[in-house]
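For reference, the structure is listed below as structure tokens.
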Amino acid sequence: LLYTSPLLAVLMLAAAAMPKMCPMLMTAAGTIAPARFLILGAVVPAIAVGAVVYGRRVRKLAKQVQDSLAESSALAEESLSGIRTVRAFAAETREGGRYDASIDHAFGLATKRSRASATFLVIVTFAGNAAAAVVFWYGARLVVAKQLTVGQLTAFLVYTLIVGFSLGALADLWAEFMK
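When the letters of the sequence shown are read in order and numbered with this note's numbering, they come out as residues 6 to 184.
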């Protein structure tokens, strides 16, 4: 998505994500006991901090990739526009090597960016699964202590899924914003 204004981009992305997120979060917040809802939300600040750090790093890497590709294009354009001079000095191999090195540098930066994205995805997935495991563990303890029925635990787990889907929508919004 290309927008002329960063503010317009944020508004468009938020408008696209809100219909997905709000009903799910409102439903979950209104139907779960506050203590259990807080357990569900405990993982959110950690993911949010991680998303900010990740966003800064990926934005920096994306800029470096774009700058490197621009430099490669400038090298190619310079060599092609001065092809007579390049041939006169038999520098085709040298100019080709300069271009190859520039493209390899851009590829290395793009690979770094992909690794950063993959690492963030693994961490967020692990955090989500760990949060689900804690919710299951806590719910089982409440059932054993007879503070919660199996039906209430099932409802709690369904609401956990609703919150998870809402967080997924939020992650999609963040990923779109980082593009």
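The beta carbon of each residue, even a glycine, is placed where N, CA and C say it ideally should be. Being a predicted model, the structure only gives us computed values, none of them experimental.
- The alpha carbon of Ala106 has as its nearest neighbour, out of Val63, Leu74, Thr159 and Ala160, the alpha carbon of Leu74.
- Contact between Leu80 and Arg103 holds, with the beta-carbon distance rounding to 6 Å and staying under 8 Å.
- The beta carbon of Thr98 sits closer than 7 Å to none of the beta carbons in its chain outside the five residues before and after it.
- Straight through space, the alpha carbons of Ser122 and Val63 are spaced by roughly 7 Å.
- The C-alpha of Gly101 is placed about 12 Å away from the C-alpha of Glu82.
- Gly113 and Lys68 have their alpha carbons spaced roughly 13 Å apart.
- Counting every other CB atom within 10 Å of its CB across the protein chains shown gives Leu66 a total of 16 or more, marking it as buried.
- The beta carbons of Arg118 and Val57 sit no closer together than 8 Å.
- C-alpha of Asp72 to C-alpha of Thr130: approximately 31 Å in a straight line.
- With 16 or more other Cβ atoms from the protein chains shown falling within 10 Å of its own Cβ, Leu153 counts as buried.
- Secondary structure at Thr154: coil, using DSSP grouped into helix, strand and coil.
- Here Gly87 carries a coil assignment [DSSP, helix/strand/coil].
- The beta carbon of Val91 sits closer than 8 Å to the beta carbons of Ser84, Glu97 and Glu100 from its chain, once the five residues preceding and following it are set aside; these are given in chain order.
- Here Phe112 carries a helix assignment [DSSP, helix/strand/coil].
- With contacts defined as CB atoms closer than 8 Å, Val139 and Thr165 fail to qualify as a contacting pair.
- In the three-state scheme derived from DSSP, where H, G and I count as helix and E and B as strand, Ala95 is classed as coil.
- Straight across, the Cα-Cα distance linking Thr159 with Asn134 is about 17 Å.
- Cβ-Cβ distances below 7 Å link Ser77 to Tyr104, Ser107, Ile108 and Ala111 in the same chain, with the five nearest sequence neighbours on each side left out; the list follows chain order.
- Here Phe125 is buried, its C-beta having at least 16 other C-beta atoms within 10 Å.
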